[in-house]
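Here our numbering is used: position 26 in the sequence shown is 66, and no number is missing along the way.
Where a beta carbon is used, it is the ideal one built from N, C-alpha and C, also for glycine.
Keep in mind the model is a prediction, meaning the values are calculated, not measured.
Remarks on the structure that follows.
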Amino acid sequence: MPAPLSGSTSVSGRIGGRWTGHDIRAQFDGAALHGRVGGAFTGKDFRLQVSAGEVHGRLGGAVSGADVQVNIYQNELHGRIGGRTIGQDIHLTGTSEITGRLGGPVVGKDVQLHYSAGEALLTGRIGGSFDGKDVWLECPNLSPLLAGLLACVGYIVLGWNSRRSTSS
41 MPAPLSGSTS VSGRIGGRWT GHDIRAQFDG AALHGRVGGA FTGKDFRLQV
91 SAGEVHGRLG GAVSGADVQV NIYQNELHGR IGGRTIGQDI HLTGTSEITG
141 RLGGPVVGKD VQLHYSAGEA LLTGRIGGSF DGKDVWLECP NLSPLLAGLL
191 ACVGYIVLGW NSRRSTSS
């Protein structure tokens, strides 16, 4: 597998719309991708350890968070975000056109992303035209599949906050 990242890099962007979306800010420090999805009150921190063929870490805190465990081989990423009972499978493939699925065959969401290497930009959509969210990430030196994983992490946090705000 090629190196998922080269050098130190900053990632920034947005998942979702102007009013209902979340910003994503991240740094890569040589061995870990770490940052925050969302704001000071409704956001979640994440720290993902990146090594050849594997990404693992935590999204959110010890109580209200999820483990991330994925494998990357050539142009394919697969694994799980969350636990066995409350979690989502993730499967992404591609280099410039990244497609796949977040979640299961019935309740999951399609992932349709485009990675422009010249602009170091990931754009596209997770979910359908009605219930999906737009993706826009500036991700220099980040591999396309790792950028796609970061977009899916952002989508999950956005979903957590949507459920929390509508459950009262």
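Excluding sequence positions up to five before and after GLY172, its CB lies within less than 7 Å of the CB of LYS149, ARG165 and ILE166, all in the same chain and listed in chain order.
Under the three-state reduction of DSSP output, VAL147 falls in the coil class, being neither helix nor strand. Only residues of its own chain outside the window of five on either side were considered, and among them ALA72, HIS96 and GLY97 have a CB closer than 6 Å to the CB of GLN89, listed in chain order. Apart from sequence neighbours up to five positions away, the residues of its chain that approach SER136 with a beta-carbon distance below 6 Å are TYR155, ordered along the chain. In the structure shown, ALA106 adopts extended strand secondary structure according to DSSP, grouped into three states. Counting only residues of its own chain and dropping the five nearest sequence neighbours on each side, GLY194 has a CB closer than 7 Å to the CB of ILE55, HIS62, ILE64 and VAL77.
In the structure shown, GLY199 falls within a helical segment according to DSSP collapsed to helix, strand and coil.
Assignment of GLY75 by DSSP, reduced to helix, strand and coil, places it in the strand class.
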